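Following UniProt numbering, the numbering of the sequence shown begins with 1 at its first residue and continues without gaps. All residues carry an ideal CB built from backbone N, CA and C; glycine is no exception. Since the model is a prediction, treat every value here as computed from it, not as a measurement. See structure below.
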Amino acid sequence: MSVSYMTHPLIRHKITLLRKESTSTNEFRKLVEEIAMLMGYEALSDLETQEINIKTPLEESKQPVISGKKLAVVPILRAGLGMVNGILALVPSARVGHIGLYRDPVTHEPHEYYCKLPEPIDQRQIVVVDPMLATGGSAVAAVDYIKEHGGQKIKFMSIIAAPKGVETLMKAHPDIQLYVGALDRELDDNAYIRPGLGDAGDRIFGTK
Ligand code: URA
């Protein structure tokens, strides 16, 4: 597996705004979407293209268009939902699957409560999105599930990751490509990323 850490100043700037406690729900939501779009731009830089014949107002010409596997965006519910529109802004025709996992508050183990993927999933380039890669438990469970259903070409995008999450996902799924907006210091005793941004789902949906 390859891990790419984002270095673009715009991504770094927007992640700083995202972290601030004073950032409102409205701003937070917009920032998550913008960061997902900027990260998606980088993550999709290896999309295949093919030449097609077109006619400009002046002449016939061969020009590139996106080809190869169609895209599926798969948010891990619920915080991953905040990143979907950012990717769809780049690839409006992408299909959207959903994986619902919740973290047991005591054991921090992921439990599945809803899953629906576009079929056939083996034909698609899959981009799994979850803003926070903390313990890696949900990420591993989501990729396990996608692979069990035939998914093969998988990218995973997280805005903020803890070293433990990166390591756990890398060990379990060495074949996928991971894109991380910022790598933070550590997890605390409640499995929150430090310095982090708090609970991404609560901040996106204004539930706290
Ligand atoms: N999920 C979050 O929303 N925040 C964290 O810090 C860790 C997991």
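Residue burial classification, V32 (beta-carbon count within 10 angstroms, cutoff 16): Taking the first residue of the sequence shown as position 1, residue 32 is located at position 32. Looking at its Cβ environment, which holds 16 or more other Cβ atoms inside 10 Å, V32 is buried.
Alpha-carbon spacing of A79 relative to Y113, whole angstroms: Position 79 of the sequence shown, counting from 1, holds the residue named residue 79. Position 113 of the sequence shown, counting from 1, holds the residue named residue 113. Their backbone Cα atoms lie some 15 Å apart in a straight line.
Pick from G165, T107, M132, C115 that is closest to I146, judged by C-alpha positions: On the sequence shown, residue 146 is found 146 positions in, with the first residue counted as 1. Comparing Cα positions, the closest option is C115.
Three or more C-beta pairs below 8 Å linking the stretch 168 to 180 and the stretch 148 to 156: yes
Opening and closing residue of the beta strand (DSSP E) in which A161 lies: Within the sequence shown, numbered from 1, the residue matching residue 161 stands at position 161. Its beta strand (DSSP E) spans residues 153 to 161.
Buried versus exposed call for H173 [16 or more other C-beta atoms within 10 Å across all chains shown]: Numbered from 1 along the sequence shown, position 173 holds the residue referred to as residue 173. By the neighbour-count rule (16 or more Cβ atoms within 10 Å), H173 is buried.
The stretch 49 to 60 contacting the stretch 99 to 112, beta-carbon criterion three pairs below 8 Å: no
DSSP state of G182 mapped onto helix, strand, coil: For the purposes of this step, residue 182 is identified with residue 182 of the sequence shown, where counting begins at 1. It should be noted that the sequence gives Ala, not Gly, for residue 182. Here A182 sits in strand by DSSP.
Neighbouring residues (CB closer than 5 Å to any heavy atom of ligand 1): M132, A134, Y192, I193, G196, D199, A200
Straight-line Cα distance separating V140 from V128: As a first step, residue 128 is located in the sequence shown; it is residue number 128 there, counting from the start. As a first step, residue 140 is located in the sequence shown; it is residue number 140 there, counting from the start. Cα to Cα, the separation comes out at about 11 Å.
V74 and I126 closer than 8 Å at C-beta: As a working note, residue 74 is residue 74 in the sequence shown. As a working note, residue 126 is residue 126 in the sequence shown. A contact, by the Cβ cut-off of 8 Å.
Straight-line gap, S138 to Q63 (C-alpha atoms, nearest Å): As a working note, residue 138 is residue 138 in the sequence shown. As a working note, residue 63 is residue 63 in the sequence shown. Those two C-alpha atoms are separated by around 41 Å.
Three-way DSSP call (helix, strand, coil) for G16 in this model: In the sequence shown, residue 16 corresponds to position 16, counting from 1. Checking the displayed sequence, the identity of residue 16 turns out to be Thr instead of Gly. Correct three-state label for T16: helix.
Straight-line Cα distance separating G201 from T207: Walking along the sequence shown from the start, residue 207 turns up at place 207. Walking along the sequence shown from the start, residue 201 turns up at place 201. Approximately 8 Å, taken between the alpha carbons.
Where G68 falls, given that 16 or more other Cβ within 10 Å makes a residue buried: Here residue 68 corresponds to residue number 68 of the sequence shown, with the count starting at 1. By the neighbour-count rule (16 or more Cβ atoms within 10 Å), G68 is not buried but exposed.
Beta-carbon proximity of D144 to I76, cut-off 8 Å: Start at 1 with the first residue of the sequence shown, and residue 144 comes out as number 144. Start at 1 with the first residue of the sequence shown, and residue 76 comes out as number 76. Cβ atoms of D144 and I76: not closer than 8 Å.
Inter-residue Cα distance where the pair is T25 and I204: By 1-based counting over the sequence shown, the position of residue 25 is 25. By 1-based counting over the sequence shown, the position of residue 204 is 204. Each residue's alpha carbon lies about 6 Å from the other.
Simplified DSSP state of Y5, which is helix, strand or coil: Taking the first residue of the sequence shown as position 1, residue 5 is located at position 5. Note: Y5 maps to strand in three-state DSSP.
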